[in-house]
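Written out below as structure tokens is the structure these notes cover.
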Amino acid sequence: EMDCKPILKMADKIYSKLGFKNTDKLFGVPLAQLHEVSSDRWLMLLMRILIMKYNNLSWNNRYPTKWAMKQAFEALRKHKLSTWKDEDGFHDSFYLATHIVYAISAYSSVKTLESDAPWLYSYIRQAGRYWLKQIKLKEKDKSVYVDIDGIGEILDNLVGAGCTDANDRLVCSLSTWLLKVQKKDGSFPVWLADTSAKDQSYSIIHGTWVCAQALRDRDFKLKENWMWSQWTDKLMKMTNFKTLAYKPTWKVKEQ
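Under the working numbering, the first residue of the sequence shown is numbered 259, with each subsequent residue one higher.
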């Protein structure tokens, strides 16, 4: 096993020096303002909260927080997601949705259940069908945008819930298409919705990273993450995450 003591000591100093005992400062958002956080800001905020919760489960609450996943998920139940019908808001809402699943699974460390959040998986599935329609349009018109990274994350989310090519039509369709566009060197094409950014390094790496992750087999037999599974089971119940706090604008398939 890796000796983590040197890294932990460094983290201890940083946690203390930067005043991160103040949870609002640690996460960069006051608890009282969670309901005001936009979809694009929620994504990184949620990942910070996930990382701190995972570390505290792993290291016996070494870096205590006054609020974390419970309060975040309570707020996310009330956060309105834009759909594929809203060109301006869809991108940020979509990636927030896939990363809520990543927060539940600790980035695919444990198996998830669609029944834990039917509204969330219904959104992700319908986004997948939307991108399949865009793929057909792109076959006739190369200028049509298709989000390869997004398709990879949808597939990763669904495979992480136990879906396979054999038991799920959407998973089969998305997997087949990704294999079709994969390059000979194993990488995936980089199609950018926004080409104005000066540094595209992350975008170039991310597509191949997430698509390769999505296409790998899962066995869900890792014992190292049992604490996370227990915690998220409680989290889903504590926050009533199975139901939204508002009426969704997409069709929800109840589990």
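Even glycine gets a Cβ: it sits at the ideal position worked out from N, Cα and C.
Less than 9 Å between the beta carbons of residue i and residue j, yes or no?
i	j	result
serine 380	proline 506	yes
proline 376	glutamate 512	yes
alanine 419	lysine 369	yes
serine 297	serine 351	yes
leucine 378	isoleucine 406	no
leucine 303	glycine 286	yes
isoleucine 412	valine 404	no
lysine 396	tyrosine 504	no
alanine 361	isoleucine 307	yes
leucine 450	glutamine 458	yes
tyrosine 353	leucine 416	no
With 16 other CB atoms within 10 Å as the buried threshold, where does residue i fall?
i	result
lysine 311	buried
arginine 383	buried
phenylalanine 499	buried
isoleucine 272	exposed
serine 373	exposed
alanine 364	buried
tryptophan 389	buried
glycine 444	exposed
isoleucine 409	buried
Could you check how far apart the C-beta atoms of residue i and residue j are, in whole angstroms? I think they sit under 8 Å.
i	j	result
leucine 289	aspartate 282	6 Å
aspartate 426	alanine 472	Between alanine 472 and aspartate 426 the Cβ distance is about 13 Å, and since that is not below 8 Å, they are no contact.
serine 367	tryptophan 486	6 Å
Just checking: is the beta-carbon of residue i within a distance shorter than 9 Å of some beta-carbon in chain C?
i	result
lysine 263	Given the protein chain composition of this structure (a single chain), no chain C is represented.
Scan the stretch 269 to 347 and note each continuous alpha helix (DSSP H) run of 4 residues or more that stays entirely inside, going in chain order. 281 to 285, 297 to 316, 327 to 334
Within the stretch 431 to 497, ranges of the alpha helix (DSSP H) (whole runs, at least 4 residues): 459 to 473, 484 to 496
Mind listing, in chain order, the continuous alpha helix (DSSP H) runs of no fewer than 4 residues lying wholly within the stretch 359 to 416? 376 to 398
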